[in-house]
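Under the working numbering, the letters of the sequence shown match residues 5 to 446, in that order. Yeah, the Cβ is synthetic: ideal placement off N, Cα and C, and Gly gets one too. This one's a predicted model, so the numbers in the text were calculated from it and none came from an experiment. The structure appears below as structure tokens.
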Amino acid sequence: MSTLIRNVNAVIDGQLVETSLLIADGKIVDIAPAQQVGADEVVDGGGKILIPGVVDDQVHFREPGLTAKEDLTHASRACAKGGVTSFLEMPNTIPNAITQSLIDDKLAIAAKKSIVNFGFYIGATPNNASELKHAVRTPGIKIFIGSSTGNLLVDEQAALETIFAETTLTICAHCEDETTVRANAAKYADRTDVAAHSLVRDYEAAKIATARAIALAEKHQHRFHVLHVSTADEVELIRAAKAKHDLITAEACPHHLFFSVEDYETLGSLVKMNPSIKSKADNKALFAALLDGTIEVIATDHAPHTIEEKQLPYPKCPSGLPAVENSLALMLNEVNQGRCSIEQVVGWMCEAPARVWDMKHKGEIAVGYDADLVLVDMELKIEVKNEDQQTKCGWTPWHGTTLQGWPVRTWVMGHEVFRKQEGKDQFEQNVFGRAIQYAHPT
Ligand code: DOR
5 MSTLIRNVNA
15 VIDGQLVETS
25 LLIADGKIVD
35 IAPAQQVGAD
45 EVVDGGGKIL
55 IPGVVDDQVH
65 FREPGLTAKE
75 DLTHASRACA
85 KGGVTSFLEM
95 PNTIPNAITQ
105 SLIDDKLAIA
115 AKKSIVNFGF
125 YIGATPNNAS
135 ELKHAVRTPG
145 IKIFIGSSTG
155 NLLVDEQAAL
165 ETIFAETTLT
175 ICAHCEDETT
185 VRANAAKYAD
195 RTDVAAHSLV
205 RDYEAAKIAT
215 ARAIALAEKH
225 QHRFHVLHVS
235 TADEVELIRA
245 AKAKHDLITA
255 EACPHHLFFS
265 VEDYETLGSL
275 VKMNPSIKSK
285 ADNKALFAAL
295 LDGTIEVIAT
305 DHAPHTIEEK
315 QLPYPKCPSG
325 LPAVENSLAL
335 MLNEVNQGRC
345 SIEQVVGWMC
355 EAPARVWDMK
365 HKGEIAVGYD
375 ADLVLVDMEL
385 KIEVKNEDQQ
395 TKCGWTPWHG
405 TTLQGWPVRT
415 WVMGHEVFRK
425 QEGKDQFEQN
435 VFGRAIQYAH
445 PT
């Protein structure tokens, strides 16, 4: 099966180029092919922008075990609609993905259900270093240095030292210091307003844990990726580390870029997340860190809970919000506001995560790369609505927000899985997602 996508402005090698693309057997086989070249199917891109599919390196898709909140059918449809063609999922499912056989179980479920490409991190526990050491078919190791949703936690120094010393896969971590969070929780135990969440999971908690993880990476010369940076202080720590070595990469999430503590008043527990949202000054510092390259990745930390759970009174309401179907549009809207360029968005959401996680043939439009592609309409304005969401939880903190710039067609391994037609979202129900391949030993 071959497809010719003609008349597009494609982001190639960091530049917008007016071109055509020939796809065959799931791969990009030619860029700017000869005029007379034929294909089974010809798509006219109408001069719109074509980008590599988004690689979201931090999602919680809840399968197995928590499928009342989300499952791979709904989540992968939400990805396709949002222009996300590959995801890396976190281990805090039930059971926790902490062994090779549980990673393989997840890969098997996804092969049957996901319409986009998939990968699953292996979770660290205080005593599973030998599993982590021999893990294959996984992008890397996830450590909850501070606890969040679920019961995964490694905060004893000896256990952390063992993991950093004895394993080779890239490590990423949830960095909020457990001791600080527990002390704050006791201090603010009488608070019942959700704004207290940002006092419990405060600046110190984020800073202490991120500094601790960077120190471990430096001591053991281990590649380390800082997940969901939420504070200007952490940006400084990462900037200082990057001035000395190449061990550290970092990531920001849309909710930490666009929400601040002021939003608790209108959105309440819908913006209760771990790490907590911080101030407008932190929003600005994170955006500046993306622009200057201190942070290279944007990922969502898509973490759905049912609306009934989210409406429980604080502190019972769980932390987490869904985002995969709106993250690219949120950033395209920023392009339209003149705050960044489409080439930078492709760098943060496609190229960098594919590079950080050693993915083969992902994140770029290049000959020989997988045909994971997204056509975006930079003129299209849509009001985000709860009732239009594909995520199983059926709500979004961006309900009522109008964004300009949306994915309108998405291809996964050369198959069109999503198309917006006359305002309607259409999905290919057949399964086309593949297990992501990595350059590290698998
Ligand atoms: O707010 C969060 N929710 N942060 C996490 O790290 C986990 C996530 C979840 O799984 O619900």
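Per DSSP, reduced to three states, the secondary structure at ASP206 is coil, with no helix or strand assignment.
The C-beta distance from HIS78 to LYS396 rounds to 4 angstroms, short enough to meet the 8 angstroms contact threshold. A residue is called buried once 16 or more other Cβ atoms fall within 10 Å of its Cβ, and MET5, having fewer, is exposed. Taking one beta carbon from each stretch, the region 88 to 106 and the region 121 to 140 have 3 or more pairs nearer than 8 angstroms; the two touch.
Under the 10 Å beta carbon count, THR183 is surrounded by fewer than 16 other beta carbons and is classified as exposed. In this structure, the C-beta of ASN100 stays at least 7 angstroms away from each heavy atom of the ligand DOR. For ARG10, the enclosing beta strand (DSSP E) has its first and last residue at 6 to 16.
For ARG195, there is no enclosing alpha helix (DSSP H), as DSSP gives it neither H nor E. Residue pairing of HIS419 in beta bridges, as defined by DSSP: VAL416. Rounded to the nearest whole angstrom, the C-alpha separation of ALA189 and ALA213 is 17 angstroms. For LEU251 and THR298, the gap between their C-alpha atoms comes out near 13 angstroms. Listed in chain order, the alpha helix (DSSP H) runs fully inside the region 110 to 144 are 133 to 138, counting runs of at least 4 residues.
Of the heavy atoms belonging to the ligand DOR, at least one sits nearer than 7 angstroms to the Cβ of ASP305.
The continuous alpha helix (DSSP H) containing THR166 extends over residues 161 to 170. In the DSSP assignment, no residue is bridged to MET382. Contact between ILE32 and GLY372 holds, with the beta-carbon distance rounding to 7 angstroms and staying under 8 angstroms.
Membership of GLN348 in the alpha helix (DSSP H) is indicated by the continuous run 346 to 350. For SER151, the shortest C-beta to heavy atom distance toward the ligand DOR is 7 angstroms or greater.
For ASP197, the number of other beta carbons within 10 angstroms of its own is below 16, and it is reported as exposed. When GLU269, ALA115, ALA293 are compared, the shortest CA-CA separation from ALA200 is found for GLU269. Residue pairing by DSSP places GLN430 opposite ARG423 in a beta bridge. By the 16-neighbour rule on beta-carbons within 10 angstroms, THR406 is exposed.
Looking at the DSSP output, LYS288 bridges to nothing.
Positions of the alpha helix (DSSP H) runs, each at least 4 residues long and wholly inside the region 297 to 346, are given as 311 to 314, 331 to 340 in order along the chain.
Between GLY69 and THR97, the C-beta gap is smaller than 8 angstroms, which places the two residues in contact.
The criterion of a C-beta distance shorter than 8 angstroms is not satisfied by ILE119 and VAL349. Here DSSP, grouped into helix, strand and coil, assigns ALA439 to strand. About 6 angstroms separates the beta carbon of ARG141 from that of ILE107, a gap short enough to meet the 8 angstroms contact definition. If you check the C-beta of SER331 against the ligand DOR, you find no heavy atom less than 7 angstroms away. Under the 10 Å beta carbon count, ALA210 is surrounded by 16 or more other beta carbons and is classified as buried. Bounds of any alpha helix (DSSP H) do not take in ILE27; it lies within the beta strand (DSSP E) bounded by 19 to 28. Shown here, CYS176 sits in a strand according to DSSP, grouped into three states. Note on geometry: alpha-carbon atoms of LYS282 and GLU347 lie some 28 angstroms from one another. The C-beta distance from LEU325 to ALA307 rounds to 6 angstroms, short enough to fall under 8 angstroms. At a Cβ-Cβ threshold of 8 angstroms, GLN62 and THR400 do not count as neighbours.
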